[in-house]
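Please read the structure below before turning to the comments.
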Amino acid sequence: MSGTSEGPTPATELGRAVVTESEILAPSGAEFAEGVEAVEVTGPVPDEAAETVEAAGSAEPDRLAESPVPRTPSYRSVFTAAPLAMAVVDREGTVTGANAALADLLGRDQDTLTGAVAADLVDLASDARTWHAYRELLRGRRARLRCTRRLKHPEGHALWVRVTVAPLPPDDGGVLVSVADISDHRALQARLRHLRMHDPVTRLPNRTLFFERLTGALEAESYAESGTGRIGLCYLDLDGFKAVNDTLGHRVGDQLLAAVADRLTRCAQDAGRTRAGIPLVARLGGDEFALLVEDSTGTEQLADLAESLLDAIQEPFDLSGRRLSVSASIGVVERHAAGTTPTALMQAADTTLYWAKADGKARWTLFDPERNASRVTRQALASSLRPAIDRGEFALEYQPLVGMDDDRVHGVEALIRWHHPRFGTLTPNRFISLAEEDGSIVPLGRWVLRTACRQARDWQTRYPDEPPIFVSVNVAVRQVWDSDLVADVADTLEETGLPPHLLQLELTESAVMGSSGRPLQALKALSDMGVRIAIDDFGTGYSNLAYLSRLPVSVLKLDGSFVRGFQIEDRTAQPGAADEVIVEAMVQLAHRLGLTVTAECVETSAQATRLRRIGCDTGQGWLYSRPVPPDRISELLGTPGVQAGVGNP
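Okay, so the sequence shown: first residue is 5 according to the working numbering, each after it adds one.
So this is what it looks like as structure tokens:
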């Protein structure tokens, strides 16, 4: 614009004026979200600033015309020809002069702008804060106002503008309103936001946009006054998608994801036709998708949606002449929005999706608070297992192994209990699998071994005139692999003074029958030491009878399912002949191999009588005693015979 000046001095002064206005009116460059107005208000105009503005235009003493627009030809030409849309507004808020750029921007005749209310032209009265700041500026109490507005052009399209209002010198009076068209900038912002918030493969909303929408849906103002106040989520994962990527390549995998996204979108649209709104479909990453149902009507709505999703995905996909069939697992969560957080909702959905996978895949599973509480309990137990060993929270109970021919206690099985400070007394089925998973079964197993051997030695010392009883200890396969079981047993026997033949180690049939290498060597070393090896739950695993003859085993413990078949519910009915034949055959086989047989889960005298007739050596079960503390076992020792239930509480 300096080229429009007629001489060095005016050009310099004009340049200062233009620079000053550029600093005041230039957009700040800050980004604004769609539909949000930005307002910038500064404090009162200092006298120095007013003097600076006045000095910048002091080329002539009589620079002001009767109207607020300078009458100096160079200034009038600048105002008129400036590409920036501007208007001069008096202290009453009325436009006293406007340039052609403003008329073109607003789609109005230039003549109609003079005399118009400036606030109406650029929508300054639409919110209280902007309107108050504008009025304060007209009164000279503010230095500047800047805001972003969305205007409607007479031709029908939307127009985004940045409005800046700044005071003119005191002698001029009024303010200068400048309006910059930022529609292209806003469009670019919207485009960049779309790219940032959407997945490039499926064109669905991505994780960022999904959580933004979810967070908004869970805000109280979103559901407090309208809607159902509930929220639902279907969390979906493709079954075996990794195999598609590994075998057919990522290009085909991406095609499959895009095709799945199309089907999910159609399902959401179909669901939206019968409901208040269309569920949001998003790709959260990998082969994971989510459908968010705001204002859900209950679990039935989510169940119907999940069923439609499964049916849609199970239809074969045609991808570039290749036909693929896949399935999906879906976790479904539906609950009140109040009190729910995005993190809690996603954790519940993730847990439920895991259940759907664990239950067999190709299905949907509804979140179950009780099942989740059990999972949380399991996690709590797993995290406190190792410290519980150091804190001494474990104890042993013993269940008698009674001779079938003399009803005397020949031995006891040591059974561990966890006296948990929060969950009470826990039986092994609640925590042994956890101990095997995290490796704490090794120190726990050592503790059980030492405690049981020490107790057996104590009984032997206290009852020297009675035949000594043996103690049977359960051993997990991981104890064999992750520790030197042979050394642990040898050290324990030496430490406690218990003879090796009074220790029996029980391993499950599935663990023993497939033993080779190190486990088999350990079993043979223990057997050579004099320790008895028993196969627990015999008859439910491999039942490799040919291999049985080569194992260093001395005892078979028949699984309780065979013994329960001896139970006669109807006194007029005949006993199960098949069960008796099977048990009799296993007893005869064991005896031919030089093994003894223990029957588990003996609960009635009738069962004991039949097992005795078949030839079982010992019995174990509630007929004789439940698992009891060591002092109750002491009461049974030295008695001529164990009566039914004598050791039960």
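Cβ atoms here follow ideal geometry from the backbone N, Cα and C, with glycine treated the same way.
As the structure is a computational prediction, the values presented were derived from the model and not from experiment.
Whole-angstrom C-beta distance between residue j and residue i, which should lie under 8 Å
i	j	result
F293	L268	6 Å
T134	L128	6 Å
R139	W164	The Cβ separation is near 24 Å, so there is no contact.
T98	V121	6 Å
V248	V256	7 Å
I539	E513	5 Å
T600	V559	5 Å
F474	Q508	5 Å
V92	V183	Rounded, the Cβ-Cβ distance is 13 Å, inconsistent with contact.
H424	E397	7 Å
Y467	L641	5 Å
S444	L506	S444 to L506, Cβ: 27 Å. No contact.
V452	L502	Not quite, the Cβ-Cβ distance comes to about 14 Å (not below 8 Å), so this is no contact.
Residue i versus residue j: straight-line alpha-carbon distance, rounded
i	j	result
E510	A418	10 Å
A332	K365	7 Å
K246	F214	24 Å
V479	R382	22 Å
D305	T232	It should be noted that the sequence gives Gln, not Asp, for residue 305. Those two C-alpha atoms are separated by around 13 Å.
V181	A224	40 Å
D354	T212	17 Å
L261	V167	45 Å
P209	P320	25 Å
C605	I235	50 Å
A123	L155	12 Å
V380	A352	11 Å
D250	L237	30 Å
D563	L615	13 Å
H254	A132	55 Å
R270	A316	9 Å
V611	I420	Residue 611 is actually Gln in this sequence, not Val. Approximately 27 Å, taken between the alpha carbons.
S476	L430	20 Å
G281	L323	31 Å
L370	V337	6 Å
L252	S329	13 Å
V484	L552	19 Å
Exposed unless 16 or more other CB atoms sit within 10 angstroms - verdict on residue i
i	result
G178	buried
I637	buried
W463	buried
E639	exposed
R150	buried
D108	exposed
W368	buried
Q592	exposed
G428	exposed
V82	buried
A491	exposed
A384	exposed
T345	exposed
R153	buried
E298	buried
Closest by C-alpha distance to residue i, when choosing among the options
i	options	result
W422	H414, G415, P432, V416	P432
W626	D94, R568, T600	R568
E584	K561, L560, G619	G619
G335	I445, D363, L560, F321	D363
G160	A456, Q193, A526, G111	G111
L628	G101, P404, Q525, L507	The identity of residue 628 in the sequence shown is Tyr, whereas the question assumes Leu. Answer by Cα proximity: P404.
L296	A272, A316, A132, W451	A272
R375	T356, A392, L385, P391	T356
G290	D241, Q318, V484	D241
L597	A610, F570, P556	P556
R461	V481, P173, P634	P634
V169	L218, D94, L222	D94
C457	V481, L489, R482, V493	V493
L314	G302, L530, Y239, R617	Y239
S531	F570, S565, L489	L489
R80	R412, N103, A89	N103
V285	D203, H414, D394, Y358	D203
R207	R287, R195, L218, G407	R287
Any non-hydrogen atom of the ligand MG within 6 Å of residue i CB
i	result
Q318	Among the components modelled here there is no ligand, and therefore nothing to report on the ligand MG.
Starting from the N-terminal side, write out each stretch of the alpha helix (DSSP H) that is 4 residues or longer and does not extend beyond the stretch 389–477.
-> 436–442, 445–466
Runs of beta strand (DSSP E) lying entirely within the stretch 164–218, each at least 3 residues, in chain order | 179–185
Write down every uninterrupted run of the beta strand (DSSP E) in the stretch 582–615 whose length is 3 residues or greater and which is fully enclosed by it, in chain order.
-> 600–603
Can you list, in chain order, the stretches of the alpha helix (DSSP H) that have 4 or more residues and sit fully within the stretch 240–285?
-> 245–252, 254–277
Any chance you could list the beta strand (DSSP E) runs of at least 3 consecutive residues sitting entirely within the stretch 133–162, in chain order?
-> 149–156
Can you list the alpha helix (DSSP H) stretches of 4 or more residues lying completely in the stretch 80–142, in chain order?
-> 104–110, 114–117, 122–125, 132–142
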